[in-house]
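Residues are numbered in the working numbering as their position in the sequence shown, beginning at 1, plus a constant of 2. Glycine is no exception: its CB is placed at the ideal position from the N, C-alpha and C atoms. Because the structure is a prediction, the values reported are computed rather than measured. Okay, structure first, notes after.
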Amino acid sequence: RFFIEGSSGMACGLFVTLVLGTVLQQTAGLLEGQMAALLLHLGQLAVSLTGAGIGIGIATRLGESSLAAICAAIAGTVGAFAEEFASGALFTTEGTLPLSGKAEPLGAFFAAFTAIELVRLIEGKTRADLILAPVAGILGGSLVGIWAGIPITHLLQYLGEAMNWASQQKPLLMGITVSVLMGIFITLPLNSVALAVSLNL
C-alpha cells in the first residue's frame, strides 16, 4: 500500500503537475503572443502545485475520501516546500503565498501519506471527526513533511552534486560512480521520476 499503490498515485500527480507543466512551459517558448503567455502561466501554476497534485494522486489511487484527499493536498504542499515553510520564507510579508519555486516530490509523498493515514484512523470513529480528522491529517502530515522533507532535500542535493561531479570525471571513474548511485536509486521503492527531479538530473 505504501510503496506500490502510493508510488503509483505519486506518479499520476507528478505527471499532471510537474511533467505536464514543464511541457507547457517548453511549448510556450516556441510560440508568441497571448497563447505563449497563457501556456507559460499554466505551466508555472501546474509545476508549483506539484505537492498538492501528489497528495491528491495518492489519495485517489488509494480510494480515500474527499476529506483525506484535501488534507493530503495541503500536507503535500507543506512537504514539497518544507524548508521554505519552516523558515517562514514561503509567504510574503503580506501573508500571501507566491506559487513559485522547485517542489520536493519525496517530502510531499511522506507528508501526504501521513495525512491520509491519520484521516483514515479518525474518520467515521467519532461525532467530531469532521473537525478532528482534518486537523490531525493536516497537522500530522505537515509536521512529518517538515521533519522528513528538510533532511531529504539536503541529502538529495548532496547526491545530485555527486552525480554531476561524477559525470565530469574520467570515463572509468564516471561509469563506476554513476552506475553505483543509479543502481541504488533504481532499487529504492519510490518513483524514479520523483528521484530524478529531486536530484536535479
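- For residue 139, the number of other beta carbons within 10 angstroms of its own is at least 16, and it is reported as buried.
- Here DSSP, grouped into helix, strand and coil, assigns residue 11 to helix.
- One alpha carbon belongs to residue 43, the other to residue 51, and they sit about 12 Å apart.
- Distance from the CA atom of residue 46 to the CA atom of residue 39, rounded to whole angstroms, is 11 Å.
- Within the same chain, and ignoring the five residues on either side of residue 79 in sequence, the residues whose Cβ sits closer than 6 Å to its Cβ are 53 and 54.
- Restricting attention to 12, 48 and 17, the CA atom closest to the CA of residue 27 is found in 48.
- Between residue 109 and residue 82, the gap from beta carbon to beta carbon is short of 8 Å.
- Cβ contact annotation for residue 152 (same chain, cutoff 7 Å, sequence separation greater than five): 84, 85 and 88, in chain order.
- For residue 122, the enclosing alpha helix (DSSP H) has its first and last residue at 107-124.
- Residue 59 sits in a helix when the DSSP states are folded into three classes.
- Secondary structure note for residue 146: its alpha helix (DSSP H) is the uninterrupted segment 131-168.
- Residue 136 counts as buried, since no fewer than 16 other beta carbons sit within 10 angstroms of its beta carbon.
- With a threshold of 16 other beta carbon atoms within 10 Å, residue 124 meets it and is buried.
- Inclusion of residue 126 and residue 77 in the CB contact set at 8 Å is not warranted, their separation being larger than that value.
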